[in-house]
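Asks: Take a look at this one; I'll ask things after.
2 protein chains.
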Amino acid sequence: MPDSKASNDTRERILDVAERLFMQHGYEATSMRSITGAAEVNLAAVNYHFGSKEALLREVFRRRLAWLNQQRLQALDRLEEAAGGAPLKPSQILEAFFGTLLRMGEEPSLGGMTFLRLLGRTLTEPAEFIRTFFAGEYAEVIDRYKLALFRALPDVPQAEIVWRLHFMLGAMSYAIAGTDVLQVVTGCEVGDLAGEAAAEELGDTALARRLAQRLMPFLLGGLRAPLPRFEESPITRAASAGGLPTEV
Amino acid sequence: MPDSKASNDTRERILDVAERLFMQHGYEATSMRSITGAAEVNLAAVNYHFGSKEALLREVFRRRLAWLNQQRLQALDRLEEAAGGAPLKPSQILEAFFGTLLRMGEEPSLGGMTFLRLLGRTLTEPAEFIRTFFAGEYAEVIDRYKLALFRALPDVPQAEIVWRLHFMLGAMSYAIAGTDVLQVVTGCEVGDLAGEAAAEELGDTALARRLAQRLMPFLLGGLRAPLPRFEESPITRAASAGGLPTEV
DNA sequence: CTACAATCAAAACGAACGTTTGATCCAATC
DNA sequence: GATTGGATCAAACGTTCGTTTTGATTGTAG
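First to last, the protein sequences are chains A and B.
Under the numbering used here, read the first sequence as residues 13 to 260, first letter to last.
Under the numbering used here, read the second sequence as residues 13 to 260, first letter to last.
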């Protein structure tokens, strides 16, 4: 098959450009013409190689998420094997899940911060086809990590763990998506607070490393926070209002 | 002036419908025709009353954010007056900032969960006019609360506080935006875990209350988490690597 | 040489988009 | 009762969208 090289070049160039433009402007606001124009390929090339604009977006994510979620599953496998049946530590689980992702931000060949920002912004897109796609891509990973957290925190109600997993996903997504919005919302560049050397426009890989360094303690602190008091239960609930063990 | 009633009816009906549709489908994917159609007004009414689609979105947010951020500032004023010059507790600050917002979700006349979801989803939209608009609307509030946190946590580097404020905003935004996506990502309804009575489709006000109950402890835990170890500082940093005080 | 997948330029498609126009309505003003 | 001016209306404006088609050209594998 003459599928050797030119084809892959066009395909990957389209994917790279689409990844960047979808991140910069969002899915709806990015036109096929702007993609093919920036990629210097024919307008018909997208429909030829991918079939449609929706399928293009799916493929942009699939090529990254397939690798990412496989790494996440392998990381969890290794941890559980090393633990030999004992529950993992929450910090290990978070490191495997979020660390694997954040390390992609340091590696341009894996999409770098461009893909991370795209992912963070797209996770909140309301389009139906996007959400069903993510549901399928994430189902196995989320399930495995959810169960690992259940075992790691046996005294925490499982519903609470699911809520906090959701909070952690949000903190990470938003933090990543907003790394170039932060100064807009907060009115100042992060770097120039507290006397940090700020003038340097942080490189993407440096930014990813700094983000991971800051994010992981925050997530761990939130995950291990004391349980909320159940002030008003619609139905008198079973007594599970004990505090969360602080040692982890 | 014959500005009596029909005009305000049309204006507010447009705003209400736009709020809901922008939330459900996003800004770009919501057409003027779908808005005016659902609001049962003429297609030209939006441009007549607001000038453009962009101005409509801004007005949708302005009528809610003006009230919200005024409440936030007043809440902070009251706290600081009661403290009489002493630093506030972080839990008070978070309650004033996030509690004020989350209470909007319980009050349909203030937009309810519809507005909260819209807000959470729109905060990550890349469109320039949206980001500059939010920057202006939030500037004063963010600045005031940032300073309050600086005073409340004098031993924490200010840059770290800004990062964590960003993380908290993200956890909240995403948690709100995703309250109808949660079962997609996690593969299960939150309610039916841990033996909670789940069958009932949670009403929006009940959902808002439950969300606040779960979110606040998580945010506090994250905010007060131990400081990260500075593994690799580009410039050898002043010694501020001490643990965060646990009592708040 | 032949065959076939990949790429191209160009044009067109129908549909949907945000916006504008000019007429019409109607209550308030003089 | 005529006039004014804001509110509403039907209709059309010009543009852009995603997609498809046509026909020619390339480079490589059999």
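Ideal Cβ placement from N, Cα and C applies to all residues, glycine included.
For chain B, is any of its Cβ atoms less than 8 Å away from the one on TYR186/A?
Replies: yes
Asks: For TYR60/A, does the count of other Cβ atoms within 10 angstroms reach 16, so buried, or fall short, so exposed?
Replies: exposed
Asks: Is the Cβ of GLN36/A closer than 8 Å to any Cβ of chain B?
Replies: Output row for GLN36/A: interface = yes.
Asks: Less than 8 Å between the C-beta atoms of THR112/A and ALA87/A, yes or no?
Replies: yes
Asks: Out of ARG84/B, LEU77/B and ARG25/B, state which residue places its alpha-carbon closest to the alpha-carbon of ALA276/B.
Replies: Nothing can be reported for residue 276/B, as the shown portion of chain B is limited to 13 through 260.
Asks: Could you please tell me which residues of the region 162 to 183 of chain B, in chain order, have their CB closer than 9 Å to any CB of chain A?
Replies: PRO169, GLN170, ALA171, GLU172, ILE173, VAL174, TRP175, ARG176, LEU177, HIS178, PHE179, MET180, LEU181, GLY182 and ALA183
Asks: Who are the neighbours of ALA160/A on chain B, taking C-beta pairs under 9 Å?
Replies: Under the 9 Å cutoff, chain B gives no residues; its nearest Cβ is about 14 Å from ALA160/A.
Asks: From what residue to what residue does the alpha helix (DSSP H) around LYS65/B run?
Replies: 65 to 95
Asks: Which one of HIS37/B, VAL29/B, LEU27/B and ASP28/B has the shortest CA to CA distance from PHE141/A?
Replies: Nearest to PHE141/A by C-alpha distance, out of HIS37/B, VAL29/B, LEU27/B and ASP28/B, is HIS37/B.
Asks: Is it true that the CB of PRO229/B sits closer than 8 Å to the CB of ALA237/A?
Replies: A contact, by the Cβ cut-off of 8 Å.
Asks: Measuring CB atoms only, is the region 118 to 128 of chain A touching the region 182 to 191 of chain B, in the sense that at least three cross pairs come out at less than 8 Å?
Replies: no
Asks: Report the three-state DSSP secondary structure of PHE62/A (helix, strand or coil).
Replies: coil
Asks: Just confirm the distance between the C-beta atoms of LEU231/A and GLY234/B, as a whole number of angstroms; I'd bet it's less than 8 Å.
Replies: The beta-carbon distance between LEU231/A and GLY234/B, rounded to whole angstroms, is 7 Å. This is short enough to meet the 8 Å contact definition.
Asks: Taking DSSP as the reference, what is the three-state secondary structure of ASN20/B?
Replies: helix
Asks: For ALA220/B and VAL53/A, what's the separation of their Cα atoms in angstroms?
Replies: 48 Å
Asks: Using a beta-carbon distance cut-off of less than 9 Å, what residues from the region 230 to 242 of chain B approach chain A?
Replies: PHE230, LEU231, LEU232, GLY233, GLY234, LEU235, ARG236, ALA237, PRO238, LEU239, PRO240, ARG241 and PHE242
Asks: Let's see if you can read the secondary structure: which residues bound the alpha helix (DSSP H) around LEU55/B?
Replies: Neither: LEU55/B is in no alpha helix (DSSP H) and is coded neither H nor E.
Asks: Tell me the DSSP secondary structure of ARG241/B in three-state form.
Replies: coil
Asks: Counting only Cβ pairs nearer than 7 Å, list the residues of chain A close to PRO138/B.
Replies: GLN36, HIS37, GLY38 and ARG133
Asks: Exposed or buried, ALA171/B, counting other C-beta atoms within 10 Å across all chains shown (16 or more means buried)?
Replies: buried
Asks: Just mark LEU55/B as buried or exposed, buried being the case when its beta carbon has 16 or more other beta carbons within 10 Å.
Replies: Counting the other CB atoms within 10 Å of its CB gives LEU55/B a total below 16, which places it among the exposed residues.
Asks: Would you list, in chain order, the members of the region 99 to 111 of chain A that have their beta-carbon closer than 7 Å to a beta-carbon of chain B?
Replies: Correct list: empty, as no residue qualifies.
Asks: ARG74/A versus chain B: which residues are under 8 Å apart at the beta carbon?
Replies: Per Cβ cutoff of 8 Å: no residues; ARG74/A is ~17 Å from chain B at best.
Asks: Quick one: which chain B residues come within Cβ less than 7 Å of ALA189/A?
Replies: The CB of ALA189/A comes closer than 7 Å to the CB of THR136 in chain B, given here in chain order.
Asks: Do ASN81/A and VAL168/A come within 8 Å of each other at the CB atom, strictly closer than that value?
Replies: no
Asks: By the three-class DSSP mapping on this structure, what secondary structure does PRO229/A have?
Replies: helix
Asks: Taking the C-alpha atoms as reference points, what is the distance between TYR39/A and ALA164/B?
Replies: 41 Å
Asks: Under 8 Å, Cβ to Cβ, is there at least one residue of chain B near LEU227/A?
Replies: Contacts with chain B at 8 Å (Cβ-Cβ) include LEU227/A.
Asks: Please classify THR112/B: does DSSP put it in a helix, a strand, or coil?
Replies: helix
Asks: Who are the Cβ neighbours of ALA30/B in its own chain at under 7 Å, not counting the five residues just before and after it?
Replies: ILE47, LEU68 and VAL72
Asks: If we ignore side chains and look at the alpha-carbon of each, how far apart do LEU106/B and GLU93/A end up?
Replies: 40 Å
Asks: DSSP three-state call for GLU107/A: helix, strand or coil?
Replies: Looking at GLU107/A - three-state DSSP - the assignment turns out to be helix.
Asks: Where does ALA98/A fall in DSSP's three states?
Replies: coil
Asks: Should LEU33/B be labelled buried (16 or more other beta-carbon atoms within 10 Å of its own) or exposed?
Replies: It counts as buried.
Asks: Find the nearest neighbour of VAL98/A within the set PRO166/A, GLY215/A and THR22/A, judged by alpha-carbon distance.
Replies: First, the amino acid is wrong: residue 98/A is Ala here, not Val. Taking ALA98/A as reference, the option from PRO166/A, GLY215/A and THR22/A with the minimal CA-CA separation is PRO166/A.
Asks: Could you tell me whether the Cβ of ALA41/B comes closer than 8 Å to any Cβ of chain A?
Replies: yes
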